[in-house]
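The structure appears right after this line, and notes come after that.
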Amino acid sequence: MKKINAIRGAKDITPESSPLWRYVEELFARVSGEFCYEEIRTPIFEKTELFARGIGEGADVVNKEMYTFDDRGGESITLRPEMTASVARSVMEHTLLRQGALLRLWYFGPFFRYERPQKGRLRQFHQYGAECVGSPNPESDAEIISLAENIIGAIGIKDYKLLLNTIGNDSSRAEYRKALVEYLSTRKSELSEDSLRRLETNPLRILDSKSESDIAVCAEAPLILDYLDEESSRHFESVKQALDACSIDYEIQPLLARGLDYYSHTVFEFQSDALGAQDSFGGGGRYDGLFRQIGGKESVPAVGFAMGVERMLLILEETGRLPLLDNSPRVYVIAASDALKSKALQIANSLRARRIKTNVDLLGKSIKAQFRESNKNGVKYAIIVGEDELSRGAVQIKNMDEGDAGEINLVDLDGFDFH
Ligand code: HAM
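Under our numbering, think of the first position of the sequence shown as 1, with each following residue one higher.
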């Protein structure tokens, strides 16, 4: 019968790489905790309408990339392509945000987008992200960016750029959008097919198109920075000041617009040359309009970001900075003969009960092969269970680094310090 493989663009995390994933997951929890962010977990699927209204029908993520299906009850369901809309829904549903309070949330998990798989682009990928909900103040934009920077630093990524821009408040953006569409309409013949379509639906998205002819057209386009009203410029200036105060380097990228419709004011992206075409490994921004968009009675100011975990790991790999993780057992219990295999298992289990990582042979290997195995594994101690020693209530213990071996009574083994 034909072999069944995983779905294209969906990757297994095999035992070889799972220690790395566990390591980064623990790092996400630790750094988020230091910033007083609390973890939130939401379902992997939601009603399609949440993303359609939250992210916006004009966004590629919604109109081209969602995994949407009708469930058996006929309801349209979508596998989450991102988390911000789900977080906003959950905050409203459980009234997590009290009047005048602030919510600091972080998350980690799998997300789904039907994109053409390539290096750094998957159909199931993982994000770490954070959302700061309840404050309109520019310091919250700066805190969110600072948290992202700390995550990047803790993971060990060195060479990258933080690109920063504002897309202003609704009225500034509407003015700009008009000017942009007017300009782009004069150069329609030079635009890519995708951009021609976006001219109607999501013209700001054309600004970060990857097509060469679009880039040339956009190089001469009007800039949002010239269309900001007083409130929008004040917010942007204060965000920059707060970032300066936190010694965070950034580059203003006036063409940065981001792909999701819910943004207003601050937008930002983290880019690395190590990624090639998929150069962005994280991004975010302020989204003061999202809560209303998905049915909230009042608007809730909020700002957040998400990092692509596979892309961060890819950068580490490409730049030779993957952490060296020691996953080797501390102890290997060797049975000198088949008759002693269950005794070896019993000793191994007593060490495991003391939380000492212990390996033992289950394949009926010879004593020679077990020694070879314990050498190969980077084990610190080998315990050799032999007939003679056992008759005296003892086993042999060997320090693999120092090479010296000696006998130890089983009762003393219980108190032996293996660290
Ligand atoms: P996003 O820019 O769509 O933002 O995604 C964030 C990151 O997820 C990207 O920078 C990238 O590293 C990763 N990513 C996205 N799609 C893929 C893919 N197909 N394969 C691998 N990695 C991918 C958001 O999702 C917003 N929710 C961020 C945010 C939070 N804004 C405010 N709060």
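Backbone N, C-alpha and C fix where the C-beta goes; we use that ideal spot for every residue, glycine too.
CA-to-CA distance, residue j to residue i, given in whole angstroms
{"i": "Glu49", "j": "Glu75", "result": "10 Å"}
{"i": "Asp229", "j": "Arg177", "result": "14 Å"}
{"i": "Arg187", "j": "Ala219", "result": "12 Å"}
{"i": "Thr319", "j": "Asn409", "result": "49 Å"}
{"i": "Ser232", "j": "Gln118", "result": "38 Å"}
{"i": "Ala242", "j": "Ser17", "result": "38 Å"}
{"i": "Trp10", "j": "Leu314", "result": "Before going further, note that residue 10 is Ala rather than Trp in the sequence given. Whole-angstrom Cα-Cα distance: 16 Å."}
{"i": "Gly420", "j": "Tyr128", "result": "With the chain represented from 1 up to 419, any question about residue 420 goes unanswered, as that position is not in the structure."}
{"i": "Ala101", "j": "Val24", "result": "30 Å"}
{"i": "Val393", "j": "Asn399", "result": "Per the sequence presented here, residue 393 reads as Gly, with Val not at that position. About 20 Å."}
{"i": "Asp141", "j": "Leu196", "result": "33 Å"}
{"i": "Val181", "j": "Phe69", "result": "34 Å"}
{"i": "Gln124", "j": "Ile4", "result": "18 Å"}
{"i": "Phe28", "j": "Phe305", "result": "13 Å"}
{"i": "Asp261", "j": "Arg354", "result": "53 Å"}
{"i": "Asp12", "j": "Asp404", "result": "42 Å"}
{"i": "Arg352", "j": "Phe45", "result": "38 Å"}
{"i": "Leu256", "j": "Ser209", "result": "10 Å"}
{"i": "Gln346", "j": "Ile356", "result": "14 Å"}
{"i": "Gly282", "j": "Gly289", "result": "21 Å"}
{"i": "Leu163", "j": "Pro81", "result": "23 Å"}
{"i": "Ile206", "j": "His126", "result": "26 Å"}
{"i": "Gly364", "j": "Ser350", "result": "20 Å"}
{"i": "Ser203", "j": "Ser185", "result": "The sequence shown places Pro at residue 203, rather than the Ser named in the question. When rounded, the distance between both Cα atoms is 11 Å."}
{"i": "Phe112", "j": "Ile77", "result": "13 Å"}
{"i": "Asn377", "j": "Tyr332", "result": "9 Å"}
Run of the beta strand (DSSP E) containing residue i, from where it starts to where it stops
{"i": "Ser127", "result": "Note on residue identity: the sequence assigns Gln, not Ser, to residue 127. Here the beta strand (DSSP E) through Gln127 covers Gln124 to Val133."}
{"i": "Thr68", "result": "Tyr67 to Asp70"}
{"i": "Glu407", "result": "Ala405 to Asn409"}
{"i": "Pro254", "result": "Premise fails: Pro254 is in no beta strand (DSSP E) and is neither H nor E."}
{"i": "Gly33", "result": "Careful: Gly33 lies outside any beta strand (DSSP E), inside the alpha helix (DSSP H) at Ser18 to Glu34."}
{"i": "Gln396", "result": "Ala394 to Asn399"}
{"i": "Tyr263", "result": "Unbroken run through Tyr263: none, as it is neither H nor E."}
{"i": "Glu286", "result": "Just to set this straight, residue 286 is Arg in the shown sequence, not Glu. Residues Ser280 to Arg286."}
{"i": "Leu162", "result": "Lys161 to Thr166"}
{"i": "Val333", "result": "Val331 to Ala335"}
{"i": "Ala382", "result": "Tyr381 to Val385"}
{"i": "Leu105", "result": "Leu103 to Phe112"}
Start-to-end residues for the alpha helix (DSSP H) that takes in residue i
{"i": "Leu50", "result": "Thr48 to Ile55"}
{"i": "Ile424", "result": "Outside the displayed range of the chain (1 to 419) lies residue 424, so it cannot be described from this structure."}
{"i": "Glu149", "result": "Pro138 to Ile155"}
{"i": "Asn377", "result": "Taken as a continuous stretch (DSSP letters only), Asn377 belongs to no alpha helix (DSSP H), as it is neither H nor E."}
{"i": "Ile248", "result": "Looking at the DSSP string, Ile248 is not in any alpha helix (DSSP H), and its letter there is neither H nor E."}
{"i": "Ser76", "result": "Ser76 -> not in any alpha helix (DSSP H); beta strand (DSSP E) instead, spanning Ser76 to Leu79."}
{"i": "Thr201", "result": "Glu193 to Thr201"}
{"i": "Leu180", "result": "Asp170 to Ser185"}
{"i": "Arg89", "result": "Thr84 to Glu93"}
Contact with chain D by residue i, beta-carbon distance below 8 Å
{"i": "Pro203", "result": "No chain D appears in the structure shown, which is made up of a single protein chain."}
Any non-hydrogen atom of ligand 3 within 7 Å of residue i CB
{"i": "Thr42", "result": "The model depicted lacks ligand 3 and carries ligand 1 instead."}
Does the pairing of the stretch 57–77 with the stretch 91–108 give three or more beta-carbon distances under 8 Å?
-> no
Segment contact, 8 Å Cβ cut-off, at least three pairs: the stretch 331–342 with the stretch 380–391 = Two segments are said to touch when three or more pairs of C-beta atoms, one from each, lie closer than 8 Å; by this definition the stretch 331–342 touches the stretch 380–391.
Are three or more beta carbon pairs between the stretch 296–306 and the stretch 133–151 nearer than 8 Å?
-> Put simply, the stretch 296–306 touches the stretch 133–151. At least three CB pairs are less than 8 Å apart.
Three CB pairs or more closer than 8 Å across the stretch 140–149 and the stretch 240–254 | The stretch 140–149 vs the stretch 240–254: in contact.
Which runs of the alpha helix (DSSP H), 4 residues or longer, sit entirely within the stretch 347–376?
-> Runs of the alpha helix (DSSP H) lying entirely within the stretch 347–376, each at least 4 residues long, are 367–376 in chain order.
Is the stretch 275–283 close to the stretch 164–175, with three or more CB pairs under 8 Å?
-> no
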